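K.L.:
I'd like to ask you about the structure that follows.
Number of protein chains: 2
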Amino acid sequence: MGSRRTLVGGSGPVVGTVHGELVHACAQFGGEVVVRDRGESGARSSYDLVLRVAVAGDSGGIGPGHGGVGDLGGPADVGELGAEGFVIERADETTFVTAIGQRGLLYGLFHVIRLGENAFRGTRAREAHRPSTALRMLDHWDNVAVHPVMGQVERGYAGGSLFWENGRARQHSERVRAYARLLAACGINAVSVNNVNVHETEAHLLTDRIAEVAEIAETLRPYGIRTHLSVTFAAPIVLGGLTTADPLDETVCGWWAQAVREVYSVIPDFGGFVVKADSEGQPGPFTYGRSHADGANMLAAALAPHGGTVHWRAFVYDHHQDWRDRSTDRARAAYDHFAPLDGKFADNAVLQVKHGPMDFQVREPVSPVLGALPRTRVAVEVQATQEYTGQQRHACWLGPMWSEALRFRPDGEQHPSVGDLALGGLVAVANVGDDPFWTGHPLAQANLYTFGRLAWQPAADPHRVLDEWIALTFPSASERLAAGLRAVLHGSWRTYERYTAPLGVGFMVQPGHHYGPSVDGYEYSPWGTYHFADRDGIGVDRSAATGTGYTAQYARPWAELYESAASCPDELLLFFHHVPYGHVLSSGKTVVQHIYDTHFEGVEEAEEARRVWAGLADLVEPAWHARVAERYEEQVRGAREWRDQVNSYFLRKSGIPDARGRTIY
Amino acid sequence: MGSRRTLVGGSGPVVGTVHGELVHACAQFGGEVVVRDRGESGARSSYDLVLRVAVAGDSGGIGPGHGGVGDLGGPADVGELGAEGFVIERADETTFVTAIGQRGLLYGLFHVIRLGENAFRGTRAREAHRPSTALRMLDHWDNVAVHPVMGQVERGYAGGSLFWENGRARQHSERVRAYARLLAACGINAVSVNNVNVHETEAHLLTDRIAEVAEIAETLRPYGIRTHLSVTFAAPIVLGGLTTADPLDETVCGWWAQAVREVYSVIPDFGGFVVKADSEGQPGPFTYGRSHADGANMLAAALAPHGGTVHWRAFVYDHHQDWRDRSTDRARAAYDHFAPLDGKFADNAVLQVKHGPMDFQVREPVSPVLGALPRTRVAVEVQATQEYTGQQRHACWLGPMWSEALRFRPDGEQHPSVGDLALGGLVAVANVGDDPFWTGHPLAQANLYTFGRLAWQPAADPHRVLDEWIALTFPSASERLAAGLRAVLHGSWRTYERYTAPLGVGFMVQPGHHYGPSVDGYEYSPWGTYHFADRDGIGVDRSAATGTGYTAQYARPWAELYESAASCPDELLLFFHHVPYGHVLSSGKTVVQHIYDTHFEGVEEAEEARRVWAGLADLVEPAWHARVAERYEEQVRGAREWRDQVNSYFLRKSGIPDARGRTIY
């Protein structure tokens, strides 16, 4: 804020946070903050920045000369701004941020921070900003008790849990507070604090250990973040001592209603539940012959009187599949389970759908479920934690991938995008932990930020978002540093794709931990994740004509595009079709030569990124630089391992040599 | 013993055990036992059985009419009987067992028990029995503290540890006493009580926790069993606070000497140390630029004054191998490391060599190390715990495999066998735990028994040993039961071989836990365990002419036999040669058809064994029968999984269909 004078208008806990942020900034950089509750007056010319919460008809004497928000006009009408929107404009040497809700003011403040000096230059026509969806959420897969196999954070690559330590909620919440601030700056407003796989200890968070959740909620609340909880569907049995968890059983419904009442008695703004049911061993309504709508609606009914939401995950499939059976297709499962239930879910039930039909692979088509339930509130789930994309040891900026998914139009070009359809919100599996750099790989912070900003505005250009992240992370970044960061991040997702599983086929990872290559690692497993490579060809026939029929789950333009190997986009070819190694891609290369080429290129790109990063040593704080440099060593090693294993596998299998005669083992 | 009268002559703790065994038997079956120390006299006709410890020249008034052992004559001369041998004969309605040492008497007693009623029929010419080697040992890979990955017992498939529970030695030693008795009945006389991978907690057993080892030793001693300990080579650093563990450093030698003195002060008959050094991450002399002879001799020197032995494992290889490098051959490693050290080891240092060059696969050639160190005391190590042979969920009686190895003659037919050469003893990795059936799979008890008996007499016919086990385990076994047990066990090793990795190629197991198939599981790993299958062929070229040169580690007859794919035995072909799938075996089948056929046959054999076992339900104690039946379900399931994965893998890779048109996926 420099040495500027700022006026904060409004009151309440989140306004208090805005004020606190400004006081903190002034303590650091100079300047002055004045708080004025509604009704008081002040000379407007004496402030460089005015942030205020307004109500309809309240002009408050502050504004660029045309009254209060009552006449904001157009898309910035009061009603449309909502609780989180804000208006920004600059006139007469004062920058005005006006919001209807306290949270809007907080987001307005962070917007000013993003603008930096530009916020205080010349004049600025009024712009209204509001999030595309009311729910922008992080799901933490954190365990309270360290799991013997999955550890403290399931699929966590950033140290321990931010919330849980030594078997209970962290006692000193400074780190959690800092985290809440970080999330608010990204635009995130909801956090689920425990793993969707709810183990025994964690089940109790719902009841006798709710006070610990309340402690966390207390810390998150001033930053406009509501707290959610993952619960086990079997809670009435596990915690309540009932003999059933049947969602149509009155005693069960009563048990949930009472449990929810008690949750709200200690967390009045509790967000709701996240539920992974009938999935990978978790209990669910199928046990009782009930549908997933029955299950979700029971919880929705318990939450509704209090304003809570149930997030019901659509990640339901047979994880005891027989690899011999080529007719069963895991990619079909979510659609087959949930599309018939459209219109049957309660208003406060959100169906949370992974962006792809499988499981966060580096390349998947967009899930057909996202266009298949027009009468259901759907949330899109992405995975910020890099389970299948380098586990925060490899740099892999996922912005372009998420953006592609969010801009996908399930019904064709003239129809809404996934981002438009995600009325239930955008959710990311969190990638943070108690690591000093938050995300293990410092560059993975960009994924967290990008997710938050895309959740706010799914149509945003991810490259612009990345530039924001660069400017916020390195406030005095030279153009050389910014260019270097762009160079190593812009293409990093494609680079990771090049040296790992080719052409959308997915997996080929080491079983269990999912790090590093194992081409056949899941080929004969019960997990439904196969590539079917033999000496002649590779890929999964998911066509309607000769395959599993998965393509028919898409609306016409996409169903037609994917149905034929000739029209299917190269990058998804092996997801949809089994083709000979000699099949010629639209790129003009054969499949096997594409595999060789991309794997050599991917390694070269990783090596180049390492080189670029090394050249930035004089511009980045040494510890930060060293951590990234160390990760690049591992990335290059890992990329070479991927290259050599994948290339050797296909040379051994196909017998077709590399056209360029490079070394394949 | 029926209701017979028995005289026990001699004194001492192990004689006390003999007496106790007889008293126990009489309490159960009737009869009477008299103890008479040397010098006393008794009417010999009044006893059915006389067991006595004799000394040279002592006729003791007891014997079949030709005086004491002083004139036993021939191979049964006093000196040759040794501490563990005994003579048995029957005349004038009395059976005489005479030994020089107390342990000999104990083994004589168990011999009488094995003979059963036959011991008391007619007359019996004197037979002298003595073990082929003085050291018949079980190595327990038991951890004191449950290891986060490896559990309580590393590669243990029979529950928890018999020795360690809740982080310390078991308090109630009845089970350990029963175990000691079981081992003595098998002829085992040495036990190492902790894992060769010595973790932090277990390192302390050598010093501040030696009292717990002494407790175990106390329980084992009355059954003639000496206790050994696995120690870490880094003990002087880890426990002693020294800055080095250099075996040529005087302070280090002094530290070990003092540590050993303290061990013997509490365990006067302590057996010695087992050491896994410079192996799979364990510390060793290489750190200090010293040889393994230097390392072993330092410990041998510390143990020598007290009569202890160091067992130094030859399992040293590079476990960070690059799979791309086809010139490095793990099979060569033990020979390359140890053959040059022949003659350099102290007398009380034993080089403990795995029977095969790799790691306890279902089929390996005999290790060339076993014939390569004529001036070194070598022990042969086998693995009773079924790490790679079905993990005690599959029935796999290993007697024939061990017997083949022990009867192998490294220098050719006119020369000594491995059993003859194993002057340092026979060692098995234990397969027991606190499971109620001792070994998880009740039929795996046969492996324990067979090991003990082969250790006593390596040339013994394993099928005769199995019959002993059947008779001892089912004292009233009908011929139908005995025939059924033979039917399910005799061929079980070959059955397991048929449905797992073919033709000696090894591995193809799931990484880490090693249970179940994964054909490429270790193919691109750093462990040196590859099959090099491509679309044309499979196998490892270990020939001297074109391969790794491993065949040249054998003496001439074997080197020549293995060098050529034409003469190499079928069952080892892929261990020694890389051949096309169409290569015709001496069986007349192609390699790929052999793979298909054996995998179908193996499953059929497992199904047949399950059927045979089901037919024995009326003859076996229900819980025992049910446990085995349950294991057969899993074995059949597992065998089918092996069959289908292996067959599919090779069909996909070779493109050659099954000649008999069976289903391959």
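Protein sequence lines correspond, in order, to chains A and B. Per this note's numbering, numbering of the first sequence is gapless, rising by one per residue and ending at 665. Per this note's numbering, numbering of the second sequence is gapless, rising by one per residue and ending at 1330. Beta carbons: idealized from backbone N, C-alpha and C, even for Gly. Computed from a prediction, not measured in an experiment: that's the story for all the values here.
Run through DSSP, which three-state label would residue 768 of chain B get?
P.N.:
Helix.
K.L.:
Would you list, in chain order, the members of the region 527 to 538 of chain A that have their beta-carbon closer than 9 Å to a beta-carbon of chain B?
P.N.:
Those would be 532, 533, 534, 535 and 536, in chain order.
K.L.:
Give the straight-line distance between the Cα atoms of residue 1329 of chain B and residue 593 of chain A, rounded to the nearest whole angstrom.
P.N.:
Each residue's Cα considered, the two are about 29 Å apart.
K.L.:
Give a yes or no on whether 8 Å exceeds the smallest Cβ distance from residue 671 of chain B to chain A.
P.N.:
Cβ-Cβ to chain A under 8 Å: no for residue 671 of chain B.
K.L.:
What is the rounded straight-line gap between the Cα of residue 719 of chain B and the Cα of residue 683 of chain B?
P.N.:
Answer to the nearest angstrom: the Cα atoms are 15 Å apart.
K.L.:
Identify each residue in the region 632 to 659 of chain A for which the Cβ-Cβ distance to at least one residue of chain E is less than 9 Å, and report them in chain order.
P.N.:
In the structure shown, chain E cannot be found, because the protein chains are A and B.
K.L.:
Can you pull the chain A neighbours of residue 1132 of chain B, defined as C-beta to C-beta under 7 Å?
P.N.:
Under the 7 Å cutoff, chain A gives no residues; its nearest Cβ is about 40 Å from residue 1132 of chain B.
K.L.:
Just to make sure I have the definition right: I need the residues of chain A whose C-beta is within less than 7 Å of the C-beta of residue 1330 of chain B. Which are they?
P.N.:
Within chain A, the residues near residue 1330 of chain B are 324.
K.L.:
Whole angstroms are fine: how far does the CA of residue 800 of chain B sit from the CA of residue 768 of chain B?
P.N.:
Taking the straight line from one Cα to the other gives about 13 Å.
K.L.:
Within a Cβ cutoff of 8 Å, which residues of the same chain sit near residue 517 of chain A, ignoring the five residues on either side of it in sequence?
P.N.:
500, 508, 509, 510, 641, 642, 645 and 646.
K.L.:
Roughly how far, in whole angstroms, is the beta-carbon of residue 1246 of chain B from the beta-carbon of residue 1319 of chain B, given that I think they are within contact range, below 8 Å?
P.N.:
Yes, residue 1246 of chain B and residue 1319 of chain B are in contact; Cβ-Cβ is about 4 Å, under 8 Å.
K.L.:
DSSP beta-bridge partners for residue 272 of chain A?
P.N.:
In the DSSP output, where bridge partners are listed per residue, residue 272 of chain A has A/228 and A/309.
K.L.:
With a CB to CB cut of under 8 Å and the five nearest residues on each side skipped, what residues in its chain are close to residue 908 of chain B?
P.N.:
For residue 908 of chain B, where only same-chain residues beyond five positions count, the Cβ hits under 8 Å are 902.
K.L.:
Can you tell me whether DSSP reads residue 473 of chain A as helix, strand or coil?
P.N.:
Correct three-state label for residue 473 of chain A: helix.
K.L.:
Out of A/346, A/656, A/521 and A/363, which one is the CA nearest neighbour of residue 299 of chain A?
P.N.:
The option with the nearest alpha carbon to residue 299 of chain A is A/346.
K.L.:
Which residues share a DSSP beta bridge with residue 759 of chain B?
P.N.:
Answer by DSSP bridge pairing, in chain order: B/756.
K.L.:
Cβ of residue 509 of chain A less than 8 Å from any chain B Cβ?
P.N.:
No, residue 509 of chain A lies away from the interface with chain B (no Cβ there is under 8 Å from its Cβ).
K.L.:
Going by beta carbon distance, what residues of the same chain come within less than 6 Å of residue 423 of chain A, once the five residues before and after it are set aside?
P.N.:
The answer, listed in chain order, is 377.
K.L.:
Return the CA-CA distance between residue 1219 of chain B and residue 1191 of chain B, expressed in angstroms with no decimal places.
P.N.:
So the alpha carbons of these two residues sit roughly 26 Å apart.
K.L.:
Throw me the rounded Cβ distance for the residue 304 of chain A and residue 292 of chain A pair, which I believe falls under 8 Å.
P.N.:
With 8 Å as the limit, residue 304 of chain A and residue 292 of chain A do not qualify as a contact, their Cβ atoms being about 18 Å apart.
K.L.:
Please classify residue 281 of chain A: is it buried, with 16 or more other beta-carbons within 10 angstroms of its beta-carbon, or exposed?
P.N.:
The residue is exposed, with fewer than 16 neighbouring Cβ atoms inside 10 Å.
K.L.:
Just the Cα atoms here: how many angstroms apart are residue 882 of chain B and residue 932 of chain B?
P.N.:
So the alpha carbons of these two residues sit roughly 7 Å apart.
K.L.:
To the nearest angstrom, report how far apart residue 1124 of chain B and residue 778 of chain B are at their CA atoms.
P.N.:
Approximately 22 Å, taken between the alpha carbons.
K.L.:
Cβ of residue 1285 of chain B less than 8 Å from any chain A Cβ?
P.N.:
Closer than 8 Å: no.
K.L.:
So, residue 1083 of chain B versus residue 1070 of chain B, is the Cβ gap smaller than 8 Å?
P.N.:
Taking 8 Å as the Cβ cut-off, residue 1083 of chain B and residue 1070 of chain B qualify as a contacting pair.
K.L.:
Evaluate the contact criterion for the region 793 to 810 of chain B versus the region 853 to 871 of chain B: three or more CB pairs, one atom per stretch, below 8 Å.
P.N.:
Yes: the two stretches touch, three or more of their Cβ pairs being nearer than 8 Å.
K.L.:
Give a yes or no on whether 8 Å exceeds the smallest Cβ distance from residue 1189 of chain B to chain A.
P.N.:
Chain A, which has a Cβ nearer than 8 Å to the Cβ of residue 1189 of chain B, makes this yes.
K.L.:
Using a Cβ cut-off of 8 Å, pull out every chain B residue sitting near residue 666 of chain A, in sequence order please.
P.N.:
Lying before the first or after the last residue shown, residue 666 of chain A is absent from chain A, which here runs from 1 to 665.
K.L.:
For residue 1007 of chain B, which residues of its own chain have a beta-carbon under 6 Å away from its beta-carbon, when the five flanking residues on both sides are left out?
P.N.:
Here the set comprises 1038, 1040 and 1041.
K.L.:
Please tell me whether residue 718 of chain B has its Cβ less than 8 Å away from any Cβ of chain A.
P.N.:
Output row for residue 718 of chain B: interface = no.
K.L.:
Report yes if the CB atom of residue 1106 of chain B is closer than 8 Å to the CB atom of residue 1060 of chain B, and no otherwise.
P.N.:
The answer is yes: Cβ separation under 8 Å.
K.L.:
Decide yes or no for the touch test of the region 1151 to 1170 of chain B against the region 1262 to 1275 of chain B: beta carbon pairs closer than 8 Å, at least 3 of them.
P.N.:
Cβ pair count under 8 Å is three or more, so yes.
K.L.:
Please tell me whether residue 1045 of chain B and residue 1015 of chain B are closer than 8 Å, where the distance is taken between their beta carbons.
P.N.:
Cβ distance not < 8 Å, so residue 1045 of chain B and residue 1015 of chain B don't count as in contact.
K.L.:
Using the Cα positions of residue 195 of chain A and residue 32 of chain A, report the straight-line distance between them to the nearest angstrom.
P.N.:
Near 43 Å, if we compare the C-alpha coordinates of residue 32 of chain A and residue 195 of chain A.
K.L.:
Show which residues of chain B have a CB atom less than 9 Å away from the CB atom of residue 520 of chain A.
P.N.:
Simply 1183, 1184, 1185, 1186, 1188 and 1314.
K.L.:
Mind checking which residues open and close the beta strand (DSSP E) that includes residue 354 of chain A?
P.N.:
Note, residue 354 of chain A: beta strand (DSSP E), 349 to 354.
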